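J.: For the record, in the sequence shown the residue sitting at position 123 is 125 according to our numbering, with numbers rising by one throughout.
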Amino acid sequence: MADHRWMIYGAYGYTGRLVALEAVRRGQRPLLAGRSAEKLAPLAERLGLDWIAVDLADQAALQKAIGRVELVYHAAGPFVRTSAPMIDACLATGAHYLDLTGEIPVFQATFARDEAARRAGVALISGVGFDVVPSDCLAVYVAAQVPGALQLDIAMTYLTRPSAGTARSMLELLPQGGWVRRAGRLLPWPLGAGATRVHFPIGDRTVLPVPLADLETAYRSTGIPNITTYLALSSLARPLASLVAPLAGRLLSIGALRNGTGWLIDRTMRGPDVGMRARERTYVWARARHPQGASAECWLITPEPYQFTALVALNCVERVLNDRPSGALTPAQAFGADFVLGVPGVLRGADDHRTR
Ligand SMILES: NC(=O)c1ccc[n+]([C@@H]2O[C@H](COP(=O)([O-])OP(=O)(O)OC[C@H]3O[C@@H](n4cnc5c(N)ncnc54)[C@H](OP(=O)(O)O)[C@@H]3O)[C@@H](O)[C@H]2O)c1
3 MADHRWMIYG AYGYTGRLVA LEAVRRGQRP LLAGRSAEKL APLAERLGLD WIAVDLADQA
63 ALQKAIGRVE LVYHAAGPFV RTSAPMIDAC LATGAHYLDL TGEIPVFQAT FARDEAARRA
123 GVALISGVGF DVVPSDCLAV YVAAQVPGAL QLDIAMTYLT RPSAGTARSM LELLPQGGWV
183 RRAGRLLPWP LGAGATRVHF PIGDRTVLPV PLADLETAYR STGIPNITTY LALSSLARPL
243 ASLVAPLAGR LLSIGALRNG TGWLIDRTMR GPDVGMRARE RTYVWARARH PQGASAECWL
303 ITPEPYQFTA LVALNCVERV LNDRPSGALT PAQAFGADFV LGVPGVLRGA DDHRTR
């Protein structure tokens, strides 16, 4: 089998497959990996790539497989269940680790391995997808314009259809409810409370605090101690969410119901089709504020979240193989605030960008 510079683990999942296709389009030949030989073989044959089946529970086999590459792009989630064994194997073999998580506990666990990553001379970078590259880059961009900022607000609006993996990852975290960051600490926040209006390039939208991964990553990237992250909701969805979310949180902690919901998700959540991926755009907004009144805000327009994820994945892989950073880093720490502008279709709002 040929030498490969990098591996996609979870290559036959919805998002792993998009990344594999984009890699081939760019003339790259990653090693495809996952736990199922039956699912890997047809994809690898179609793309003309090599593959290897290995279970995350078999650490010896995992290290043997990873020993053949310089970098692992981990696309198999929920990452609360899959990240730790892969990071262990990467640290043991000296391979860089990138993953696609948007899960706060996974970012916390990745950052906790910073010293081990520096000793091993490898990069551990979680969140190299729509979560969290655009918002992380934008947070650093606005924070740099307001020295000493104490408040950071991040909001997004987009239209997509979640894949089964995304829905399952959200299901894992939903029972934990809402969070905001205050004075450097994560504090519970009642789901459904705190709606506000944000000016996006497509107009004003009502947004609601939801615990996005930026509560962890933007804190690490900017050091700003008070952070609230928001998602836009339609006027119908907002009251519905405030009614249903606390109830859902309680119900979803019942194991049997979660299993049943997982079964339903697998059969109904297919992710966006090719037309939706090509058509839709996302709008990300961030504002940094100083207590004395100085403030800077800015927005980004990006391709649809899964489309963006496939494109940015390859940019991240190429940068890490080229620059060889080390330590547990956020995307903006690893690549800088302007990195997101290198993704085709991304625009940063200059005309609407206000500094006071
Ligand atoms: N950061 C972002 O912007 C972003 C974007 C897209 C997706 N994601 C995240 O990426 C993950 C995958 O999403 P997806 O759209 O590809 O979902 P998907 O189509 O459901 O694929 C999930 C993949 O994970 C694998 N997997 C799950 N548990 C595993 C385990 N214990 N061991 C080995 N493989 C395991 C599955 O393999 P089997 O079929 O063998 O179970 C499958 O290949 C989700 O956590 C999602 O939230 C993040």
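The C-beta atom is built at its ideal place from N, Cα and C for all residues, glycine as well. These figures come from a predicted structure and were not determined experimentally.
Met-158 bridges to which residues according to DSSP?
T.: Along the sequence shown, one-based indexing puts residue 158 at 156. Answer by DSSP bridge pairing, in chain order: Leu-233, Val-286.
J.: Would Arg-447 pass as a contact of Ala-185 if the rule is Cβ separation under 8 Å?
T.: Look at the range of the chain in this structure, 3 to 358, and you will see that residue 447 is not part of it.
J.: Flag Asp-133 as yes when its Cβ comes closer than 7 Å to any non-hydrogen atom of ligand 1, and as no otherwise.
T.: Residue mapping note: residue 133 aligns to position 131 of the sequence shown, counting from 1. For ligand 1, at least one heavy atom lies less than 7 Å from the Cβ of Asp-133.
J.: Taking only the alpha-carbon atoms, compute the straight-line gap between Pro-149 and Asp-340 and give it to the nearest angstrom.
T.: Sequence index remark: in the sequence shown, residue 149 carries index 147 (1-based). Sequence index remark: in the sequence shown, residue 340 carries index 338 (1-based). Rounded to the nearest angstrom, the two C-alpha atoms are 18 Å apart.
J.: Measuring only the C-alpha atoms, how far is Ile-204 from Arg-272?
T.: The residue labelled residue 204 in the question sits at position 202 within the sequence shown. The residue labelled residue 272 in the question sits at position 270 within the sequence shown. Each residue's alpha carbon lies about 27 Å from the other.
J.: Identify whether Arg-115 lies in helix, strand or coil by the three-state DSSP scheme.
T.: Residue numbering aside, residue 115 sits at position 113 when the sequence shown is read from its first letter. Coil.
J.: Taking the continuous alpha helix (DSSP H) assigned at Ile-359, which residues delimit it?
T.: Because the chain in this structure spans residues 3 to 358, residue 359 falls outside the shown range and cannot be described.
J.: Specify the secondary structure class of Met-9 as computed by DSSP and reduced to three states.
T.: Taking the first residue of the sequence shown as 1, we reach residue 9 at position 7. Met-9 falls in the strand class under three-state DSSP.
J.: Identify the continuous alpha helix (DSSP H) that holds Ile-89 and give its terminal residues.
T.: Mapped onto the sequence shown, residue 89 falls at position 87. Segment 81-95, the alpha helix (DSSP H) holding Ile-89.
J.: What's the gap between the Cα of Ala-22 and the Cα of Ala-296?
T.: For this step, residue 22 is matched to residue 20 along the sequence shown. For this step, residue 296 is matched to residue 294 along the sequence shown. If you take the alpha carbons of Ala-22 and Ala-296, they lie about 44 Å apart.
J.: Nearest to Glu-24 by alpha carbon, out of Leu-210, Tyr-143, Arg-183, Glu-320?
T.: By 1-based counting over the sequence shown, the position of residue 24 is 22. Nearest option by C-alpha distance: Glu-320.
J.: With 16 other CB atoms within 10 Å as the buried threshold, where does Leu-349 fall?
T.: Taking the sequence shown and counting its residues from 1, the one referred to as residue 349 is at position 347. Classification for Leu-349: exposed.
J.: Could you tell me whether the Cβ of Phe-341 comes closer than 8 Å to any Cβ of chain B?
T.: No chain B appears in this structure, which consists of one protein chain only.
J.: Mind checking Glu-72: buried by the 16 CB within 10 Å criterion, or exposed?
T.: What you label residue 72 is simply residue 70 of the sequence shown in a count that begins at 1. Burial call: buried.
J.: Judging by CA-CA distance, which residue of Asp-60, Gln-61, Gly-15 is the nearest neighbour of Glu-40?
T.: In the sequence shown, counting from the first residue as 1, residue 40 sits at position 38. The shortest C-alpha separation from Glu-40 is found at Gly-15.
J.: Let's see if you can read the secondary structure: which residues bound the beta strand (DSSP E) around Leu-210?
T.: Translated into the one-based positions of the sequence shown, residue 210 becomes position 208. Where Leu-210 is concerned, the enclosing beta strand (DSSP E) stretches over 205-211.
J.: For Thr-1, which residues of its own chain have a beta-carbon under 7 Å away from its beta-carbon, when the five flanking residues on both sides are left out?
T.: Here the chain has residues from 3 to 358 only, and residue 1 is not among them.
J.: Using CA coordinates, which residue listed in Tyr-308, Met-278, Arg-37 is at the minimum distance from Ile-54?
T.: Here the question's residue 54 lines up with position 52 in the sequence shown. When each option's Cα is compared against that of Ile-54, the closest is Arg-37.
J.: CA-CA distance, Arg-283 and Ala-62?
T.: By 1-based counting over the sequence shown, the position of residue 283 is 281. By 1-based counting over the sequence shown, the position of residue 62 is 60. One C-alpha to the other measures close to 42 Å.
J.: Ala-151 and Ile-226 look like a contact to me (Cβ under 8 Å); what is the Cβ gap, rounded to whole Å?
T.: Counting from one through the sequence shown, the residue named residue 151 turns up at place 149. Counting from one through the sequence shown, the residue named residue 226 turns up at place 224. Indeed they touch by this definition, with Cβ atoms about 5 Å apart.
J.: Report all residues from its chain with a CB closer than 7 Å to the CB of Trp-191; omit the five preceding and five following residues, and keep chain order.
T.: Residue numbering aside, residue 191 sits at position 189 when the sequence shown is read from its first letter. Closer than 7 Å at Cβ, skipping near neighbours: Gly-180, Trp-181, Val-182, Pro-211.
J.: So for Ile-54, helix, strand or coil by DSSP?
T.: As a working note, residue 54 is residue 52 in the sequence shown. If DSSP states are grouped into helix, strand and coil, Ile-54 belongs with the strands.
J.: Under the criterion of a Cβ to heavy atom distance below 7 Å, does Ser-171 qualify as lining ligand 1?
T.: Counting from 1 along the sequence shown, the entry for residue 171 is found at position 169. Yes, the beta carbon of Ser-171 sits closer than 7 Å to at least one heavy atom of ligand 1.
J.: How would you label Glu-47, buried or exposed, when you count the other beta carbons within 10 angstroms and need 16 or more for buried?
T.: By one-based count along the sequence shown, residue 47 stands at place 45. Counting Cβ neighbours within 10 Å, Glu-47 comes out exposed, since fewer than 16 surround it.
J.: Thinking just about the alpha-carbon of each residue, which of Thr-304, Arg-28, Cys-139, Asp-116 is nearest to the one in Leu-161?
T.: Residue 161 sits at position 159 when you count from the first residue of the sequence shown. The shortest Cα separation from Leu-161 among Thr-304, Arg-28, Cys-139, Asp-116 belongs to Thr-304.
J.: With DSSP collapsed to three states, give me the class of Pro-190.
T.: As a first step, residue 190 must be located in the sequence shown, where it is residue number 188. Here Pro-190 sits in strand by DSSP.
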